[in-house]
Amino acid sequence: MKVILLSDVSKVGKKGAIVEVADGYARNFLIRNRLAVQATAKSLEILDEQKVQQKLNEKEMEAKARETASQLEKIMLQFSVKSGKEGRVFGSVSTKQIAQELERKHGIHIDKRKILDTAPIQSLGVTNVRIELFKDVIGTIRVQVTGKE
Numbered sequence: 001m002k003v004i005l006l007s008d009v010s011k012v013g014k015k016g017a018i019v020e021v022a023d024g025y026a027r028n029f030l031i032r033n034r035l036a037v038q039a040t041a042k043s044l045e046i047l048d049e050q051k052v053q054q055k056l057n058e059k060e061m062e063a064k065a066r067e068t069a070s071q072l073e074k075i076m077l078q079f080s081v082k083s084g085k086e087g088r089v090f091g092s093v094s095t096k097q098i099a100q101e102l103e104r105k106h107g108i109h110i111d112k113r114k115i116l117d118t119a120p121i122q123s124l125g126v127t128n129v130r131i132e133l134f135k136d137v138i139g140t141i142r143v144q145v146t147g148k149e
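Numbering-wise, full-length UniProt numbering puts 25 at position 25 of the sequence shown, and it's gapless, one number per residue.
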């Protein structure tokens with residue numbers, strides 16, 4: 001029986017895939033647990049509409065990500081860490097701090113896991129930090145770290 005998967009099913013396929021499975025497996029497990037629907041002309045038509053809608057949503061999200069990337073280019077975040085003589089730093093600036101500061105001061109919500117430069121910033125001066133906003137859309141912000149004794 002041909003079915004359209006409504007969610008990812010281990011060892012069967014991904015969401016939206018049309019797969020051929022045993023009749024009993026389809027009726028007794030996949031369809032009953034709402035993991036799949038039978039592949040009929042109407043359900044295939046609905047699947048095509050959903051794929052078109054998903055592509056439109058992805059294009060819209062990519063446009064928003066590009067807009068956010070252009071906003072990020074203009075931003076410089078400033079942090080102050082303890083430092084000793086000769087510019088030795090006793091602290092660091094983490095990705096969590098960068099994400100929080102970006103949200104607090106500029107209202108841009110970024111998941112800290114999307115920051116590509118994952119190592120904490122442990123040097124004084126200006127550092128460029130790359131952030132992945134969407135597939136193949138990367139924004140860059142500048143982070144300035146100053147020392148205080």
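Built from N, CA and C at the ideal position, the CB exists for glycine as well.
Note that the coordinates shown come from a computational prediction; the quantities given were computed from them, not determined experimentally.
Through-space distance from residue j to residue i, alpha-carbon basis
i: L77; j: R142; result: 6 Å
i: L133; j: D23; result: 43 Å
i: Q71; j: V19; result: 44 Å
i: K114; j: F29; result: 37 Å
i: K96; j: K15; result: 32 Å
i: K11; j: R34; result: 17 Å
i: K74; j: E49; result: 39 Å
i: V21; j: R130; result: 45 Å
For residue i, the nearest candidate out of the options (CA to CA)
i: I31; options: G125, I108, S83, K2; result: K2
i: V93; options: E101, E49, L6; result: E101
i: D136; options: L47, E58, K51, V21; result: E58
i: A99; options: K112, G147, K74, R130; result: K112
i: V126; options: A17, K51, L56, F79; result: F79
i: E149; options: A65, E60, R130, E86; result: E86
Proximity of residue i and residue j at Cβ, strictly below 7 Å
i: L124; j: V145; result: yes
i: K105; j: G91; result: no
i: A69; j: G139; result: yes
i: L5; j: G13; result: yes
i: V89; j: Q54; result: no
Reduced DSSP category for residue i - H, G, I as helix; E, B as strand; rest coil
i: I108; result: coil
i: M1; result: coil
Closer than 7 Å to chain C by CB, residue i
i: A26; result: Of the protein chains in the structure, only one exists, and it is not chain C.
Proximal residues to residue i (C-beta, below 8 Å), its chain only, five neighbours per side dropped
i: A26; result: M1, V3, A36, Q38
Chain-order list of residues whose beta-carbon lies under 7 Å from that of residue i (same chain, five-residue window excluded)
i: H109; result: E103
i: A41; result: none
i: L47; result: I4, G16
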